[in-house]
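Numbering (mature numbering (1 follows the signal peptide of the UniProt record, and there is no 0)) for the sequence shown: -22 to -1, 1 to 96.
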Amino acid sequence: MNKPLHALIFALIALPACSSNSALYHDQPLVAKVENGMSKDQVMQIGGKPDAESRRTVVPGTCFDYMLTKADNRQPYSVSFDGAGEVDNTAFMTCAEWSNAQRKARLPSMGGSSGSGY
């Protein structure tokens, strides 16, 4: 698969969680201010030290886990970094859930006449 298709698949996987939580947490600094291309230091200046940092298992890089809170609600939020240490994704899911979504998106197609591209 090509990179634009991967990005589309990841966006579609994350969309249901994003649409239900983005309105509630839109004013949280991590949600409102973190953008693709930022460094780990820039993210920590905005959101503080993450609850956990892990290596990504599908694509080289690392991932920060945060827990957003508002009123009585708690929501996992991840900031994922590429191999160069720059933000390439944020999502209303844990790093483990994000890694699992990436793994599922990379599974080759099991049917149809077209190849998987690998």
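Quick reminder that beta carbons are idealized off the backbone N, C-alpha and C, glycines included. Predicted, not measured: the structure shown is a model, and the values here were computed from it.
Thinking just about the alpha-carbon of each residue, which of the options is nearest to the one in residue i?
i: Val9; options: Lys48, Val36, Leu85 and Thr35; result: Lys48
i: Val40; options: Gly63, Asn78, Pro28 and Gln20; result: Looking at the sequence itself, residue 40 is Thr, so the reference to Val does not match. Selected option, being the one with the closest Cα: Gly63.
i: Gly25; options: Arg33, Asp43, Thr72 and Ser77; result: Asp43
i: Glu75; options: Gly61, His4, Tyr55 and Asp60; result: Tyr55
i: Thr72; options: Lys11, Leu2 and Pro28; result: Pro28
i: Met16; options: Val57, Pro86 and Leu46; result: Val57
In the DSSP assignment, the beta strand (DSSP E) including residue i goes from what residue to what residue?
i: Lys27; result: Premise fails: Lys27 is in no beta strand (DSSP E) and is neither H nor E.
i: Gln53; result: Asn51 to Phe59
i: Asn67; result: Val65 to Ala69
i: residue 113; result: For residue 113 there is no data in the structure shown, the boundaries of the chain being -22 and 96.
Within 8 Å (strictly less), CB to CB, does residue i reach chain C?
i: Glu75; result: Within the model displayed, chain C is absent; a lone protein chain is all it includes.
What is the C-beta distance between residue i and residue j, in whole angstroms, given that I count them as a contact (C-beta under 8 Å)?
i: Gln80; j: Val37; result: 6 Å
i: Asn51; j: Leu2; result: 7 Å
Along the chain, where does the alpha helix (DSSP H) containing residue i start, and where does it finish?
i: Asn78; result: Cys73 to Arg84
i: Val9; result: Pro7 to Lys11
Checking 8 Å against the spacing of the C-beta atoms, do residue i and residue j come in under that value?
i: Glu13; j: Val65; result: yes
i: Lys18; j: Phe70; result: no
i: Arg34; j: Ser(-1); result: no
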